[in-house]
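Contents: one structure, followed by commentary.
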Amino acid sequence: MLEQLASDLWRLRLPVRFAPGHINSYLLRDGEGWLAVDCGKHDEATRQVWQGFLDSPQYGAGIQRIFLTHTHPDHSGSADWLAAQTGARVLLAEAEHRLMEDFWRGSATQPQALMAFFAEWGATELQQQAVLAFMSGFRAGNPSLTGPVQYVAPGEVLTVNGHAWHLQAGLGHTACNLLLHDRAGKRLITGDQVLPGIYPNVSVWHGLEGDPLGDYLGSLVSLAALDVEEAFPAHGDVFTDFAARCVQIRRHHDTRLRRLRRHLDEAGTAPVAALNDAVFGRAAEGPMFMLMAGQLYALLARLRAQGLAEQVTRESWRAVSTSEIS
Numbered sequence: 031m032l033e034q035l036a037s038d039l040w041r042l043r044l045p046v047r048f049a050p051g052h053i054n055s056y057l058l059r060d061g062e063g064w065l066a067v068d069c070g071k072h073d074e075a076t077r078q079v080w081q082g083f084l085d086s087p088q089y090g091a092g093i094q095r096i097f098l099t100h101t102h103p104d105h106s107g108s109a110d111w112l113a114a115q116t117g118a119r120v121l122l123a124e125a126e127h128r129l130m131e132d133f134w135r136g137s138a139t140q141p142q143a144l145m146a147f148f149a150e151w152g153a154t155e156l157q158q159q160a161v162l163a164f165m166s167g168f169r170a171g172n173p174s175l176t177g178p179v180q181y182v183a184p185g186e187v188l189t190v191n192g193h194a195w196h197l198q199a200g201l202g203h204t205a206c207n208l209l210l211h212d213r214a215g216k217r218l219i220t221g222d223q224v225l226p227g228i229y230p231n232v233s234v235w236h237g238l239e240g241d242p243l244g245d246y247l248g249s250l251v252s253l254a255a256l257d258v259e260e261a262f263p264a265h266g267d268v269f270t271d272f273a274a275r276c277v278q279i280r281r282h283h284d285t286r287l288r289r290l291r292r293h294l295d296e297a298g299t300a301p302v303a304a305l306n307d308a309v310f311g312r313a314a315e316g317p318m319f320m321l322m323a324g325q326l327y328a329l330l331a332r333l334r335a336q337g338l339a340e341q342v343t344r345e346s347w348r349a350v351s352t353s354e355i356s
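Counting with our numbering, you get residues 31 to 356 for the letters of the sequence shown.
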């Protein structure tokens, strides 16, 4: 159902199977037509919702542009289909387009590379198979973009209906989650970077190593400084305490880091499997293994970047005392 949120802004809720059961696509008036922000999964249920809008009197002059905050399948899965139906061009960050093609879709050698990566982090063969099953679903749910594409970048201004939306970078959850900031109206369309009631997944992935949690936490500091009175998230309802939510998410990750470091201090050298229990309270198995394990790896990578932990063997980590840090 199309819901008007402001004179120039509407929300279309699209179905997903995971909580909270939807993704928000935002529709901005763009002349006599629309700019659509994110477009949902690559499935029949999503296409039916879009088709209802395309067939409605509100559709008007059509969707002229599709803006992808990032290329996780629940955001970009229907992008190619919707572009083909409407003739719209797709706007996204170049890094996200590369991520879609090189990582989410991948190459013929990706399964072997993925299994090798997770083996390096101590994953069992059964867990590696769960990763392959998960990635197969991501690949099927993220078709390549075959129509016109326009790259946009943080710092640029997107003019919609004569109104300026400033693009902000959100790091860590993905390569470049683009947020749209209406400075004049003090509004922010957040994508997945900051959500109410949900902590966005921040993971170390094959091909995207480094310190994503450090990037994410730093990004939250920058974003919290924006003048925002209304935040429009990809999941959940509009919220008004944006800066406070950024602080709350930072504290959540700080708590996890302290819990992990404390466990390493007490255990001496700890296997990765035990660290999952320590941080999340349960083992990471089955389809959720990749998501949970990736978050654990991000926590360990953050501690390593701070000089507080190191990998001892393929399967184990230990704390590094401050006296050992040169």
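Glycine is no exception: its CB is placed at the ideal position from the N, C-alpha and C atoms.
Please read these numbers as outputs of a predicted model, since none were measured by experiment.
Assuming contact is defined by CB atoms lying nearer than 8 Å, are residue i and residue j in contact in what I supplied?
{"i": "Gly244", "j": "Ala339", "result": "no"}
{"i": "Val46", "j": "Ser55", "result": "no"}
{"i": "Ser161", "j": "Leu122", "result": "Strictly speaking, residue 161 in this sequence is Val, with Ser absent from that position. Against a cut-off of 8 Å, the Cβ pair of Leu122 and Val161 comes out as no contact."}
{"i": "Leu391", "j": "Met130", "result": "What the structure shows of the chain is the stretch from 31 to 356, and residue 391 is not part of that stretch, so it cannot be assessed."}
{"i": "Ile279", "j": "Val224", "result": "yes"}
{"i": "His52", "j": "His265", "result": "yes"}
{"i": "Gly227", "j": "His72", "result": "no"}
{"i": "Ser348", "j": "Leu294", "result": "Residue identity check: residue 348 is Arg in the sequence provided, not Ser. Yes, the pair counts as a contact, with Cβ atoms nearer than the cut-off."}
Using CA atoms only, rank isn't needed, just tell me which of the options is closest to residue i.
{"i": "Glu296", "options": "Val350, Ala328, Val268", "result": "Val350"}
{"i": "Glu74", "options": "Gly61, Ile93, Gly107", "result": "Gly107"}
{"i": "His127", "options": "Trp111, Ala149, Phe269, Leu175", "result": "Leu175"}
{"i": "Arg286", "options": "Thr299, Asn306, Phe272", "result": "Asn306"}
{"i": "Leu65", "options": "Gln81, Leu98, Asn231", "result": "Leu98"}
{"i": "Phe272", "options": "Asp284, Glu259, Gly298", "result": "Glu259"}
{"i": "Val232", "options": "His211, His203, Asp241", "result": "His203"}
{"i": "Ala199", "options": "Phe133, Asp110, Leu112, Leu247", "result": "Leu247"}
{"i": "Glu62", "options": "Leu329, Ala36, Ala91, Trp80", "result": "Ala91"}
{"i": "Pro184", "options": "Glu124, Tyr89, Ala254", "result": "Glu124"}
{"i": "Gly215", "options": "Trp195, Leu209, Gly227", "result": "Trp195"}
{"i": "Ala205", "options": "Ala146, Glu239, Arg41", "result": "Glu239"}
{"i": "Gln115", "options": "Tyr89, Phe133, His105, Thr270", "result": "Tyr89"}
{"i": "Ala328", "options": "Asp241, Leu57, Val120, Trp80", "result": "Asp241"}
{"i": "Leu333", "options": "Gly311, Asp284, Phe310", "result": "Asp284"}
For residue i and residue j, what's the separation of their Cα atoms in angstroms?
{"i": "Trp235", "j": "Gly337", "result": "21 Å"}
{"i": "Ala331", "j": "Gly192", "result": "44 Å"}
{"i": "Asn207", "j": "Gly221", "result": "7 Å"}
{"i": "Gln94", "j": "Leu39", "result": "15 Å"}
{"i": "Phe319", "j": "Gln157", "result": "7 Å"}
{"i": "Val342", "j": "Leu321", "result": "23 Å"}
{"i": "Arg275", "j": "Cys69", "result": "25 Å"}
{"i": "Ser346", "j": "Phe168", "result": "29 Å"}
{"i": "Arg289", "j": "His282", "result": "11 Å"}
{"i": "Ala138", "j": "Glu150", "result": "At Ala138 the pLDDT is 49, less than 50, meaning the model places this residue with poor confidence; the figure from the coordinates comes in the next sentence. Distance between the alpha carbons of Ala138 and Glu150 is about 20 Å."}
{"i": "Ala49", "j": "Arg213", "result": "31 Å"}
{"i": "Phe83", "j": "Gly298", "result": "58 Å"}
{"i": "Ala109", "j": "Arg43", "result": "15 Å"}
{"i": "Pro178", "j": "Met31", "result": "28 Å"}
{"i": "Ala303", "j": "Gly152", "result": "8 Å"}
{"i": "Ala300", "j": "Thr154", "result": "16 Å"}
{"i": "Thr76", "j": "Leu326", "result": "32 Å"}
{"i": "Gly324", "j": "Ala113", "result": "32 Å"}
{"i": "His100", "j": "Leu197", "result": "13 Å"}
{"i": "Trp111", "j": "Ala308", "result": "43 Å"}
{"i": "Ala36", "j": "Pro263", "result": "15 Å"}
{"i": "Ala118", "j": "Ile96", "result": "6 Å"}
{"i": "Ser86", "j": "Trp80", "result": "10 Å"}
{"i": "Leu57", "j": "Arg41", "result": "6 Å"}
{"i": "Ala254", "j": "Val120", "result": "28 Å"}
{"i": "Gln142", "j": "Ala261", "result": "41 Å"}
{"i": "Gln159", "j": "Phe310", "result": "21 Å"}
Any heavy atom of the ligand FAD closer than 7 Å to the beta-carbon of residue i?
{"i": "Gly244", "result": "Ligands are entirely absent from the displayed structure, and the ligand FAD is therefore not among its contents."}
Under a Cβ-count criterion, where at least 16 other Cβ atoms within 10 Å of its own Cβ denotes burial, should residue i be classed as buried or exposed?
{"i": "Phe148", "result": "buried"}
{"i": "Asp60", "result": "buried"}
{"i": "Gln34", "result": "exposed"}
{"i": "Tyr229", "result": "exposed"}
{"i": "Ser249", "result": "buried"}
{"i": "Arg292", "result": "exposed"}
{"i": "Val277", "result": "exposed"}
{"i": "Gln78", "result": "exposed"}
{"i": "Gln180", "result": "exposed"}
{"i": "Asp267", "result": "exposed"}
{"i": "Ala146", "result": "exposed"}
{"i": "Asp132", "result": "exposed"}
{"i": "Ala163", "result": "exposed"}
{"i": "Asp104", "result": "buried"}
{"i": "Val251", "result": "exposed"}
Rounded C-beta distance between residue i and residue j? I'm assuming under 8 Å.
{"i": "Leu256", "j": "Leu218", "result": "6 Å"}
{"i": "Leu188", "j": "Leu209", "result": "Rounded, the Cβ-Cβ distance is 11 Å, inconsistent with contact."}
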